[in-house]
Amino acid sequence: GNSVTQMEGPVTLSEEAFLTINCTYTATGYPSLFWYVQYPGEGLQLLLKATKADDKGSNKGFEATYRKETTSFHLEKGSVQVSDSAVYFCALTSGGTSYGKLTFGQGTILTVHP
Amino acid sequence: KAGVTQTPRYLIKTRGQQVTLSCSPISGHRSVSWYQQTPGQGLQFLFEYFSETQRNKGNFPGRFSGRQFSNSRSEMNVSTLELGDSALYLCASSSTSSPNEQFFGPGTRLTVL
């Protein structure tokens, strides 16, 4: 079955530091990959996505590249802000008959200090 | 365009009771998925509905059920509540043109006492 593994958190950084959150996956077929962010008391927001190998998703300064050879989709940001403090989830869907089913990693808590 | 809405936002029930949660998808979206989020198990897929039909189901007991109406609004029902059902229940909707891109609601926080 499908699975997603994220680096253990929590991650604590100072403002303007470089961020990497590792994500690796196991999936059948050709999955689409996503990063979602959850702010306190809210639902999940789609941060970025990639639908095929070597695609780079990007949004709000965050980037992630779909690496099929290493089955990875690491999230990076060059300079984090306090407002980036949230929980980040890596997720995938295999499409096909996996209707509406996202498989999530366990989430990584990010705290950014001024 | 209005986002996904869920009602109620908070709910407190006692063991043995049943509960119904509601989800209104983004206008035009016909697929609705439900997830359970807990600190221990993380985010787990419950089921997905499209055009009033359940197309996919996760590994949850039969106490968890759902349905979808002709206007794509969906409800989720949990019968005979257990303490372990305390969780944030999230629904998400997607369009037929981008079926893999799900938009989430704010969730319903269910507490079972």
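Going down the list, the protein sequences come from chains A and B.
1 is the number of the first residue of the first sequence in this note's numbering; add one for each residue after it.
115 is the number of the first residue of the second sequence in this note's numbering; add one for each residue after it.
Glycine is no exception: its CB is placed at the ideal position from the N, C-alpha and C atoms.
The model shown is predicted, which means the values in this text are computed figures rather than measured ones.
- Across the structure, B/LEU197 and B/LYS127 are spaced so that their CA atoms are roughly 10 Å apart.
- Where B/VAL146 is concerned, the enclosing beta strand (DSSP E) starts and stops at 145-152.
- Close to A/PHE104, with beta-carbon spacing below 7 Å, are these residues of chain B in chain order: GLY156, LEU157.
- A/ASP54 is classed as exposed because its beta carbon has fewer than 16 other beta carbons within 10 Å across all chains shown.
- Residue contact with chain B for A/LEU47: absent (no Cβ-Cβ distance below 8 Å to any residue of chain B).
- With respect to the C-alpha of A/TYR66, the residue from A/PHE104, A/CYS90, A/GLN81 having the closest C-alpha is A/CYS90.
- DSSP, read as helix, strand or coil, puts A/LEU102 in coil.
- The three-state secondary structure of A/VAL82, taken from DSSP, is helix.
- Annotation: Cβ neighbours of A/LYS101 in chain B (cutoff 8 Å, chain order): SER147, PHE159, GLU162, ASN170, GLY172.
- Shown here, A/GLY57 sits in a strand according to DSSP, grouped into three states.
- Sequence-ordered contacts of the segment 67-89 of chain A with chain B read PHE89 [C-beta pairs closer than 9 Å].
- Cβ-Cβ distances below 6 Å link A/THR103 to ASN2, VAL4, LEU92 in the same chain, with the five nearest sequence neighbours on each side left out; the list follows chain order.
- About 6 Å separates the beta carbons of A/LEU48 and A/SER58, which is inside the 8 Å limit, making them a contact pair.
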